[in-house]
Amino acid sequence: MEQRKNVTEFVLLGLTQSVQGQRTLFVVFLFIYLVTMMGNLLIVLTAVFSPTLHVPMYFFLGYLSFLDGVYSTTITPNMIIDLLCEKKTISFQACMIQLFIGHLFGGADIILLVVMPYDCYVAICKPLHYLTIMNKQVCILLLLLTLVGGFLHGVLHPLFVYSLHYCGPNVIHHFICDMYPLIKLACTDTNIIALTVLASDGAISLVIFTLLFIYYGVILHSLKNLSQEGRHKALSTCGFHITVVFLLFVPCTFMYVRPPSTLPIDKYLTVFYIIITPMLNPLIHTLRNGELKNAMKKLWTRKRT
1 MEQRKNVTEF
11 VLLGLTQSVQ
21 GQRTLFVVFL
31 FIYLVTMMGN
41 LLIVLTAVFS
51 PTLHVPMYFF
61 LGYLSFLDGV
71 YSTTITPNMI
81 IDLLCEKKTI
91 SFQACMIQLF
101 IGHLFGGADI
111 ILLVVMPYDC
121 YVAICKPLHY
131 LTIMNKQVCI
141 LLLLLTLVGG
151 FLHGVLHPLF
161 VYSLHYCGPN
171 VIHHFICDMY
181 PLIKLACTDT
191 NIIALTVLAS
201 DGAISLVIFT
211 LLFIYYGVIL
221 HSLKNLSQEG
231 RHKALSTCGF
241 HITVVFLLFV
251 PCTFMYVRPP
261 STLPIDKYLT
271 VFYIIITPML
281 NPLIHTLRNG
291 ELKNAMKKLW
301 TRKRT
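With full-length UniProt numbering, the residue at position 1 of the sequence shown is 1, and numbering never jumps.
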């Protein structure tokens, strides 16, 4: 424990060292964050208060938007503020908390994206029994599963990093605390830790990503038994699921399904799935889902009157 105190804080290099570049990114990221919060909040409010959307599919959709909003709020504001600071430092304890929060909500997001295809499958293949199978108790149980799974995933990573010895240097070539940059700074042999992280993150991401596409393949194959109108509705129901899965898993798979290392592109991929993807999710949901758009219009009109 005493050895770990050799490093009490880390210095974050950020995305760029250019003052003008940092100011530009400050404006861009602040705009994206505001759009992200407004979009996700609108979906959450619509899912909660619209009487036409009280079905499990929109229950999970509202929960996904809630996770995206909280995830953005716990990480993005600090990153935006750092863009205005000449020296970007973070204490060892705050670094561990940030690592925990990032993997907590990231893990919950991944588990939820596994749950949502099952809901989609039941809605398409067993429409007459949909509300019976996906009853309130099942939905709450699946929601608790995402929280517990996300918590376990979030705790695992700080425990690995906390056990390492940091004696210097303390400069992180990133804009947040992440596993591989922290492992790279450790003074002790980290091969076992790095391989464990690779197994727990990379392999899990790759396996889930593959299983999800197999699952969606089964769903799409079952569409041949539906009418043209039924196929169109089913595709609009599940289309955004596939898009969101692709946007989240491709960067994560690239970052973790490889030998433990840090690459310059990692920072930009992190920007994509931490900042860009939570903003795109509400746009994808509303553009591909006519029922949700109509519910938003009715809710907005009702609130104004």
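We put the beta carbon where it would ideally sit given N, CA and C, even for glycine.
Where residue i falls: helix, strand or coil (DSSP)
i: Ile176; result: coil
i: Glu2; result: For Glu2, the predicted model reports a pLDDT of 42, less than 50, meaning its position is unreliable and no value from the coordinates is stated.
i: Glu86; result: coil
i: Val171; result: strand
i: Leu12; result: strand
i: Ser91; result: strand
i: Pro264; result: coil
i: Asn281; result: helix
i: Thr301; result: helix
i: Leu164; result: coil
i: Ser18; result: coil
i: Cys187; result: coil
i: Val218; result: helix
i: Met57; result: helix
i: Thr27; result: It is worth fixing the name first, because residue 27 is Val in this sequence and not Thr. In the structure shown, Val27 sits in a helix (DSSP, three-state: H, G or I).
i: Asn135; result: coil
i: Ser50; result: coil
Residue nearest to residue i in terms of C-alpha spacing, selected from the options
i: Asn294; options: Gln22, Ile43, Val7, Val148; result: Ile43
i: Leu143; options: Gln98, Leu64, Gly168; result: Leu64
i: Val7; options: His232, Thr132, Val115, Ile172; result: Ile172
i: Val161; options: Tyr268, Cys95, Asn78, His285; result: Cys95
i: Met134; options: Leu145, Leu147, Cys120; result: Cys120
i: Ile208; options: Leu45, Ile284, His285, Asp109; result: Asp109
i: Leu45; options: Ser227, Ile176, Phe59; result: Phe59
i: Ile204; options: Leu235, Leu159, Arg231, Thr253; result: Thr253
Backbone CA spacing between residue i and residue j [nearest angstrom]
i: Thr243; j: His103; result: 21 Å
i: Ser72; j: Leu280; result: 12 Å
i: Thr89; j: Pro181; result: 15 Å
i: Leu292; j: Leu247; result: 21 Å
i: Ala47; j: Lys87; result: 42 Å
i: Leu12; j: Leu220; result: 45 Å
i: His153; j: Gly21; result: 34 Å
i: Cys139; j: Pro56; result: 7 Å
i: Phe105; j: Thr74; result: 10 Å
i: Thr76; j: Ile275; result: 7 Å
i: Tyr130; j: Ala123; result: 6 Å
i: Leu61; j: Cys167; result: 45 Å
i: Asp82; j: Phe31; result: 16 Å
i: Leu99; j: Met38; result: 25 Å
i: Val19; j: Cys85; result: 10 Å
i: Ser222; j: Lys126; result: 11 Å
i: Lys298; j: Phe49; result: 11 Å
i: Val148; j: Phe29; result: 31 Å
i: Leu269; j: Leu141; result: 32 Å
i: Glu2; j: Ser163; result: Annotation note: pLDDT 42 at Glu2 (below 50); position unreliable, coordinate value reported separately. If you take the alpha carbons of Glu2 and Ser163, they lie about 12 Å apart.
i: Ile284; j: Val245; result: 12 Å
i: Ser227; j: Leu235; result: 12 Å
i: His241; j: Gly217; result: 13 Å
i: Ile183; j: Val27; result: 32 Å
i: Thr132; j: Pro282; result: 28 Å
i: Arg231; j: Val271; result: 35 Å
i: Thr301; j: His54; result: 19 Å
i: Lys224; j: Phe249; result: 28 Å
i: Pro264; j: Thr210; result: 26 Å
i: Ile33; j: Met179; result: This sequence places Tyr at residue 33; Ile is not what is there. Going from the Cα of Tyr33 to the Cα of Met179 covers about 24 Å.
i: Leu128; j: Lys136; result: 16 Å
Within 8 Å, strictly: CB atoms of residue i and residue j
i: Leu41; j: Leu25; result: no
i: Thr36; j: Pro251; result: no
i: Cys187; j: His157; result: no
i: Tyr215; j: Pro117; result: yes
i: Phe92; j: Glu9; result: yes
i: Met79; j: Phe175; result: yes
i: Gly150; j: Ile111; result: yes
i: Val70; j: Leu212; result: no
i: Pro169; j: Leu145; result: no
8 Å Cβ cutoff, residue i in contact with chain C
i: His54; result: Chain labels in this structure do not include chain C; a single protein chain is all it has.
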